Amino acid sequence: MTEEEKVKAMRLARAIASDISLYNEQKIIKGIEQDNLFEVLKEELEEGRALYKSRVSVEISTQANFFERAINDIVLRSKAHVKSKIW
Numbered sequence: 001m002t003e004e005e006k007v008k009a010m011r012l013a014r015a016i017a018s019d020i021s022l023y024n025e026q027k028i029i030k031g032i033e034q035d036n037l038f039e040v041l042k043e044e045l046e047e048g049r050a051l052y053k054s055r056v057s058v059e060i061s062t063q064a065n066f067f068e069r070a071i072n073d074i075v076l077r078s079k080a081h082v083k084s085k086i087w
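Using UniProt numbering, the first residue of the sequence shown is number 1, and each one after it goes up by one.
Encoded structure:
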């Protein structure tokens, strides 16, 4: 895995996570408030993960967690202001 491949994979993961966040704002807020975010976004996350895996090498998708990190950084951290039992 080259540095360029890593950068491209991270960029792709962040773009997919951004789209999930942008197009599912209300679902995300409701999921955080009700502490069932991953259940609420199950379909979107599966679709995003499948897209990510289809566009990166098997080596990257099995050795790095860029997609999950992007979901945490973009979907969760951007909603830190939403009241929740978990924070």
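Positions of the beta carbon are idealized from the N, C-alpha and C atoms, including for glycine.
Since this is a predicted model, take the numbers as computed values, not measurements.
Distance between residue j and residue i (C-alpha atoms, nearest Å)
i, j, result
"E4", "V56", "12 Å"
"V7", "S84", "33 Å"
"E43", "K27", "12 Å"
"S61", "V82", "31 Å"
"E46", "T2", "26 Å"
"V40", "L12", "23 Å"
CB contact flag (residue i, residue j, <9 Å)
i, j, result
"F66", "A9", "yes"
Contacts around residue i, its chain only, beta-carbon distance under 7 Å, and the 5 residues preceding and following it disregarded
i, result
"L37", "I28, G31"
Beta-carbon proximity list for residue i, same chain, < 6 Å, skipping 5 on both sides
i, result
"I71", "A17"
Neighbourhood of residue i by C-beta distance below 8 Å, restricted to the same chain and skipping five residues each side
i, result
"E33", "V82, K83, S84"
### Message
Under 8 Å, with one C-beta from each stretch per pair, do the stretch 14 to 27 and the stretch 61 to 81 reach the 3-pair mark?
### Response
yes
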